[in-house]
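Asker: Quick one: this structure, given as structure tokens, is what I'll be asking you about.
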Amino acid sequence: MWRKNRAANNGTECMGVDLNRNFGYRFGGEGTSDNPCSEIYHGGKAFSEPESEALRDFLERIIDLKVYLTFHSYGQYILFPWGYAAVDAPNHDDLIYYSIITDPSAGASDDYAYSIGALYSYCIELPPRNGNGFILPESEIPGVVSSVWNGVKAMIQTITEKEQLSYDQVISTVAHTKSQLNYLHRLETSLDLDFWSEVESIGQNVDIHVKADTVDRVKRDLSSIDLEYNISVSDLQSLVDKEKDVQLNPNNNSNQADVLRSYVTHPVMDHWLERMASECGDRCTLINIGQSFEGREMKVIKITSNSSTGNKSAVFVEGGAHAREWISPVFVNNLIYKLIIEYGVDSSVTLMLDNYDWYILPLVNPDGYQYSHNNERYWRKNRATTIFRDCVGVDLNRNFPSFGMSDPVYSKHPCEDTYGGPFPGSERETKNLVKFLLGVDKLHVFLSFHSYSKMILIPWSHKMKPTTHHSALKTAGMAAANAMEAANGGKWVVGLAGELLSYNAAGTSLDWAYANTEAKFVFTFEMPPSRSPPGFVLPESSIKSVVDTTWPGVTTLIKTIINTPALEDKYFVSKGSSKGKDMCYCELIFMLLFTFCYI
Numbered sequence: 001m002w003r004k005n006r007a008a009n010n011g012t013e014c015m016g017v018d019l020n021r022n023f024g025y026r027f028g029g030e031g032t033s034d035n036p037c038s039e040i041y042h043g044g045k046a047f048s049e050p051e052s053e054a055l056r057d058f059l060e061r062i063i064d065l066k067v068y069l070t071f072h073s074y075g076q077y078i079l080f081p082w083g084y085a086a087v088d089a090p091n092h093d094d095l096i097y098y099s100i101i102t103d104p105s106a107g108a109s110d111d112y113a114y115s116i117g118a119l120y121s122y123c124i125e126l127p128p129r130n131g132n133g134f135i136l137p138e139s140e141i142p143g144v145v146s147s148v149w150n151g152v153k154a155m156i157q158t159i160t161e162k163e164q165l166s167y168d169q170v171i172s173t174v175a176h177t178k179s180q181l182n183y184l185h186r187l188e189t190s191l192d193l194d195f196w197s198e199v200e201s202i203g204q205n206v207d208i209h210v211k212a213d214t215v216d217r218v219k220r221d222l223s224s225i226d227l228e229y230n231i232s233v234s235d236l237q238s239l240v241d242k243e244k245d246v247q248l249n250p251n252n253n254s255n256q257a258d259v260l261r262s263y264v265t266h267p268v269m270d271h272w273l274e275r276m277a278s279e280c281g282d283r284c285t286l287i288n289i290g291q292s293f294e295g296r297e298m299k300v301i302k303i304t305s306n307s308s309t310g311n312k313s314a315v316f317v318e319g320g321a322h323a324r325e326w327i328s329p330v331f332v333n334n335l336i337y338k339l340i341i342e343y344g345v346d347s348s349v350t351l352m353l354d355n356y357d358w359y360i361l362p363l364v365n366p367d368g369y370q371y372s373h374n375n376e377r378y379w380r381k382n383r384a385t386t387i388f389r390d391c392v393g394v395d396l397n398r399n400f401p402s403f404g405m406s407d408p409v410y411s412k413h414p415c416e417d418t419y420g421g422p423f424p425g426s427e428r429e430t431k432n433l434v435k436f437l438l439g440v441d442k443l444h445v446f447l448s449f450h451s452y453s454k455m456i457l458i459p460w461s462h463k464m465k466p467t468t469h470h471s472a473l474k475t476a477g478m479a480a481a482n483a484m485e486a487a488n489g490g491k492w493v494v495g496l497a498g499e500l501l502s503y504n505a506a507g508t509s510l511d512w513a514y515a516n517t518e519a520k521f522v523f524t525f526e527m528p529p530s531r532s533p534p535g536f537v538l539p540e541s542s543i544k545s546v547v548d549t550t551w552p553g554v555t556t557l558i559k560t561i562i563n564t565p566a567l568e569d570k571y572f573v574s575k576g577s578s579k580g581k582d583m584c585y586c587e588l589i590f591m592l593l594f595t596f597c598y599i
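Using full-length UniProt numbering, the letters of the sequence shown correspond one by one to residues 1 to 599.
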């Protein structure tokens, strides 16, 4: 009647961990025990056991995990999420083939599978219902197998029929009058529409991702106010399907070419980063800065030169803050590869490393990124729970404890894609990054990579006003833009984030880094393409071209900064006059309050 695995537990003769309490979703919650002698002992930490860890790694390598089935006994039940508490999953009505109310049990594999994208996740408790219990006579096995098999077939058939796709579209439009602009503003608050471009000014192109069941209504509404539109993508799902068709099997995606030229999953990327750090030797250090909401490690790689003295200034690079912007972490991985492999070979790389220590985080948002692979390709936020159980996630690039978060532009609705969180700096990912950056000595350059637009953004983003160092930032940004255009990367534009995006954005890493760290050169690269299509679904065949044309921009930017004379210190308090200063007293107090939380 043994239940657990056979792992030894430190400090006790009691052996074993309940593997179905060891998974990393709501680990350690109700229905588990921290007593190693208990039958439901959850282990020392989530995924502490090799069995649960191996299953997690395998599941996360599956590109489009749709159904997860786990078989137990006994009871003749079909159970579905959530198991950690008596609350419904978002697609409760779809899951409810059979239902049973049971005691909560946190850390179960079916809850975890559901959390990473398996919309149809079931725990099937096999016969008998009672009686013989776990000791089912062998004579009854054929009957149990036959009846359960028929149930599984019916379940899969029903799911397959439900998942037949009716394709979404991307509609592009431009407001030419104030009334049309106001209408788009109202439409933007509709939670069944996904605006890929923010609505702020007349004459601005706006791309709207429209679900299939609302396409006709949206078209009618636009026509009713004489808003001309075109269907820029008539079959959005087909773009996603093509993307999946050309992706290599993730189990084989461990070599350099795959990680640098294709969109791999988080476990594959994480394994590659560890291997690169190991092969790099003394020049590289891998730093775990903390865990995401779902327990994934956030790893920064530090890259230095052979002659590192410890007195150099630092560059920090981040990618993957928004889950669906897959080109961002791919480019950052290419940057890592070049800095490691081409030092001492390429003069630009050698110059960049001889002058700076580099700290690079390829994925700010590992949970959202993995979810966009396994489930919803156009997911943007992280995967944190909110006060609305059906609305998951916070926009990490609106969650930094920066300025303007009390303004109307700061989204306070958990169902919106730009939801900034319950309070500034609320998210684990944000906290990890803020704490790490505040500990980086002599941080001089901060680079953030997003998509899509072909823009280089400089502070501020929460207001349309320049910083003290605007001229130097603009000069370096223009040099980078010209270099990318010369490399056949097309025209890039450079300017204040608020002006180029035509809207103010509060809580960005751009504003926070400039206001709270020593970095004077702070930039966000909005990478290609310039519009939809292909938008976020940039074909893998285009990755090499984007990398080859963007890389000269980064090298030119850094070389320009190296050759820029020392800049004046940043001043944040207005002394009699606000001219040339960056913030008022109230903004300074705001910044200090939240910065102290991380020291």
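From the three backbone atoms N, C-alpha and C, an ideal C-beta is built for every residue, glycine too.
Predicted, not measured: the structure shown is a model, and the values here were computed from it.
1) Taking 8 angstroms as the cut-off, does the stretch 42-56 touch the stretch 357-373 (at least 3 CB pairs, one atom from each stretch)?
2) How many whole angstroms separate the CB atoms of Ala-321 and Leu-437, which I take to be in contact at a CB cut-off of 8 angstroms?
3) Just reading off the alpha helix (DSSP H) that Val-67 is part of, what are its end residues?
4) Tell me the rounded alpha-carbon separation between Gly-107 and Leu-19.
5) DSSP three-state label for Gln-204, please.
6) Could you have a look at Asn-230 and say whether DSSP puts it in helix, strand or coil?
7) Taking the beta strand (DSSP E) that Val-445 falls in, what are its first and last residues?
8) Are three or more beta carbon pairs between the stretch 512-531 and the stretch 385-403 nearer than 8 angstroms?
9) Starting from Trp-358 and walking both ways along the alpha helix (DSSP H), at which residues does that stretch end?
10) Which runs of the alpha helix (DSSP H) at least 4 residues long sit entirely within the stretch 483-570? Give them in chain order.
11) Please determine if the stretch 21-30 and the stretch 49-60 are in contact, where contact requires at least 3 C-beta pairs separated by less than 8 angstroms.
12) Three Cβ pairs or more, each shorter than 8 angstroms: is that satisfied between the stretch 317-332 and the stretch 342-352?
13) Are there 16 or more other CB atoms within 10 angstroms of the CB of Asp-441, so buried, or fewer, so exposed?
14) Quick one: any contact between the stretch 292-306 and the stretch 361-379, if contact means 3 or more CB pairs under 8 angstroms?
15) Have a look at Ile-225, Val-199, Ser-197 and flag the residue whose alpha-carbon is nearest the alpha-carbon of Ser-179.
16) Inspect the beta-carbon positions of Ile-301 and Leu-273 and report whether they are closer than 8 angstroms.
17) Might you give, ordered along the chain, the residues of its own chain that have their beta carbon closer than 8 angstroms to the beta carbon of Thr-555, omitting 5 neighbours on each side?
18) CA-CA distance, His-469 and Tyr-419?
19) Between Glu-140 and Arg-61, what straight-line distance do the alpha-carbon atoms span, to the nearest angstrom?
20) Bridge partners of Thr-285, per DSSP?
21) Along the chain, where does the alpha helix (DSSP H) containing residue 609 start, and where does it finish?
22) Out of Ser-73, Pro-539, Asn-432, which one is the CA nearest neighbour of Gly-131?
23) Output the distance between the C-alpha atoms of Val-17 and Val-259, rounded to the nearest integer angstrom.
24) Taking 6 angstroms as the limit between beta carbons, can you name the residues of its chain near Asn-375, skipping five residues before and five after?
25) If you measure between the beta carbons of Glu-429 and Asn-382, is that distance less than 8 angstroms?
26) Mapping the DSSP letters down to three states, classify Tyr-419 as helix, strand or coil.
27) Distance check for Val-392 and Asp-213, CA to CA, integer angstroms please.
28) If you reduce the DSSP assignment to three classes, tell me which class Cys-391 lands in.
29) Helix, strand or coil, according to DSSP, for Glu-138 in the structure here?
30) Nearest-angstrom Cα distance between Thr-385 and Cys-415?
31) Rounding to the nearest angstrom, what Cα-Cα distance links Lys-465 and Gly-507 in this structure?
Answerer: If we stick to the structure as given:
1) no
2) That pair is no contact at about 14 angstroms.
3) Run containing Val-67: none in the alpha helix (DSSP H); it sits in the beta strand (DSSP E), 67-73.
4) 9 angstroms
5) coil
6) strand
7) Per DSSP, Val-445 belongs to the beta strand (DSSP E) from 443-451.
8) yes
9) Looking at the DSSP string, Trp-358 is not in any alpha helix (DSSP H); the run it does join, the beta strand (DSSP E), is 356-361.
10) Runs of the alpha helix (DSSP H) inside the stretch 483-570: 497-500, 509-516, 543-562.
11) Result yes; three or more Cβ-Cβ pairs closer than 8 angstroms.
12) no
13) Classification for Asp-441: exposed.
14) Touching, yes.
15) Ile-225
16) yes
17) Only Ser-348, Val-349, Met-352, Ala-483 meet the Cβ criterion.
18) 30 angstroms
19) 37 angstroms
20) Lys-302
21) The displayed coordinates of the chain run from 1 to 599. Any statement about residue 609 would go beyond what the structure contains.
22) Ser-73
23) 35 angstroms
24) Gly-117
25) The beta carbons of Glu-429 and Asn-382 sit closer together than 8 angstroms.
26) strand
27) So the alpha carbons of these two residues sit roughly 22 angstroms apart.
28) coil
29) In the structure shown, the three-state DSSP call for Glu-138 is helix.
30) 11 angstroms
31) 16 angstroms
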